[in-house]
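Residue numbers (the UniProt record's numbering): 1 to 262.
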């Protein structure tokens with residue numbers, strides 16, 4: 001039976017951020033994820049999780065200057081010290097929130113830099129992150145992201161992400177399989193899920209192409225949920241989509257799964 005986590009960055013925007021935890025719990029979610037926690041004290045977020053009986057499923061390490069267009073640090077030359085500090089910050093939050101999965105973003109590839117140089121930096125930084133996270137039993141995940149939504153992002157394909165994880169060789173480094181991004185870049189999701197499930201650490205969903213609820217668009221999510229179950233995935237599936245209107249009103253797709261879980 002699939003287990004779903006509400007993405008509080010994209011969902012429940014009709015509420016202030018701290019109010020979104022309770023709203024998600026009222027709708028039946030048992031877990032949440034979001035992009036970044038760093039505008040709030042970890043203790044404040046933990047109190048919201050506990051008050052609503054929620055598990056923190058995932059968040060991202062600091063991405064650099066997000067407002068300035070940066071989308072991660074891990075593949076950027078000359079930013080290694082900043083990257084290591086960002087991992088230390090993220091792991092401090094993860095420990096307090098009880099979060100076991102941390103998404104590390106690669107970043108926008110700088111123009112004029114050889115890809116092999118960036119890849120070497122990326123692998124070394126990921127090795128550091130995985131080694132540092134291992135003592136806390138935290139899994140580092142990397143996510144291929146489509147270049148329509150994030151032009152120039154360093155990592156775009158599932159096979160490349162799996163190869164990078166294999167080359168680093170850390171048992172707690174895995175791939176974040178976002179169905180939305182994968183469909184836009186590659187398609188053939190079922191085959192890739194079957195091929196790569198052993199190396200997948202987190203799954204996310206959204207309708208394609210508009211990134212709305214997973215009940216509209218190109219993907220047959222009921223089929224994919226059954227497949228994911230059959231492949232033995234027991235983590236949360238992150239609902240990283242933009243609701244068409246009010247979040248709660250658009251959760252008809254979720255209710256059959258909540259009813260079955262009861």
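Think of the CB as a built atom: it goes at the ideal place given N, C-alpha and C, for glycine as much as any other residue.
Remember, predicted model here, so these are calculated numbers, not experimental data.
Strand pairing of residue i, partner residues [DSSP]
i	result
residue 204	178, 238
residue 33	7, 58
residue 106	72
residue 221	Paired residues: none, contrary to the question.
residue 101	139
residue 173	140
residue 153	108
Contacting residues, own chain, Cβ-Cβ under 7 Å from residue i (five flanking each side not counted)
i	result
residue 60	35, 36, 103, 105
residue 162	175, 196, 199
residue 96	42, 43, 46
residue 214	205, 206, 207, 221, 241, 253
residue 84	128
residue 288	No answer is possible for residue 288: the residues shown for the chain start at 1 and end at 262.
residue 210	217
Sequence-distant residues of its chain with Cβ nearer than 6 Å to residue i (five each side left out)
i	result
residue 204	178, 238, 240
residue 12	20, 23, 247
residue 261	1
residue 5	31, 32, 33, 57, 236, 238
residue 137	none
residue 134	172
residue 65	none
Residue i in three-state terms, based on DSSP
i	result
residue 121	helix
residue 16	coil
residue 40	coil
residue 1	coil
residue 215	coil
residue 81	helix
residue 27	coil
residue 66	coil
residue 167	helix
residue 160	helix
residue 188	coil
residue 246	coil
residue 87	helix
residue 335	Shown here, the chain extends from 1 to 262; a query on residue 335 therefore has no answer.
residue 148	coil
residue 233	coil
residue 113	coil
residue 256	helix
residue 53	coil
Span separating the alpha-carbon of residue i from that of residue j
i	j	result
residue 45	residue 124	31 Å
residue 217	residue 9	22 Å
residue 31	residue 119	33 Å
residue 148	residue 184	8 Å
residue 89	residue 62	8 Å
residue 58	residue 167	24 Å
residue 226	residue 180	17 Å
residue 76	residue 219	34 Å
residue 33	residue 140	15 Å
residue 110	residue 255	44 Å
residue 251	residue 222	14 Å
residue 151	residue 72	13 Å
residue 244	residue 7	15 Å
residue 114	residue 91	30 Å
residue 52	residue 15	15 Å
residue 208	residue 126	30 Å
residue 186	residue 157	7 Å
residue 265	residue 55	Coverage of the chain is limited to positions 1 through 262, which leaves residue 265 absent and any answer about it impossible.
residue 25	residue 116	45 Å
residue 155	residue 142	8 Å
residue 28	residue 48	16 Å
Sequence-distant residues of the same chain with beta carbon closer than 8 Å to residue i, five excluded per side
i	result
residue 131	170
residue 121	74, 75, 76, 77, 80
residue 189	179, 182, 183, 219, 224
residue 235	3, 57, 101, 201, 202, 203
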